[in-house]
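**Q** Numbering (the numbering used here), first residue to last: 85 to 203.
1. Quick one: using the 10 Å Cβ neighbour count with 16 as the cut-off for buried, is residue 111 buried or exposed?
2. If we count the other Cβ atoms within 10 Å of its Cβ and call it buried at 16 or more, is residue 151 buried or exposed?
3. Per DSSP, what are the beta-bridge partners of residue 124 in this structure?
4. Spatial neighbours of residue 170 within its chain, please: C-beta separation below 6 Å, excluding the five flanking residues on both sides.
5. Among 166, 164, 160, whose alpha-carbon lies nearest the alpha-carbon of residue 172?
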């Protein structure tokens, strides 16, 4: 019975997202997120990990959309392309627009700086 329910959920497009690692790509930066926490920030040009970035170890607080009139709207959850990310903390960090969302290779996840991939 459980198999049937799971199969039906997939067929109906309601399958629970199981991936916990996402890479949110902006024009200059990759934000590597595990669940809802930033575990790595990498410069896209050099490929170097940024060890002093304000988003590190911060939680994704909201996905932000810039409206045509210049105002911002925020919604909970992870962003979609075109939205920006606000990371929480003493001083919030607002990214540039997300241009792509990728799934990192397992080998890359294992190399995240200062993190335990099993956490």
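Even glycine gets a Cβ: it sits at the ideal position worked out from N, Cα and C.
**A** The answer reads as follows:
1. Position 27 of the chain shown, counted from the start, is the residue given in the question as residue 111. Label assigned to residue 111: exposed.
2. By one-based count along the chain shown, residue 151 stands at place 67. Residue environment: residue 151 is assigned as exposed (fewer than 16 neighbouring CB atoms within 10 Å of its CB, all protein chains considered).
3. Here residue 124 corresponds to residue number 40 of the chain shown, with the count starting at 1. Per DSSP, 116.
4. Translated into the one-based positions of the chain shown, residue 170 becomes position 86. Contacts found: 145, 146, 148, 176, 178.
5. The residue labelled residue 172 in the question sits at position 88 within the chain shown. Cα-wise, what sits closest to residue 172 is 160.
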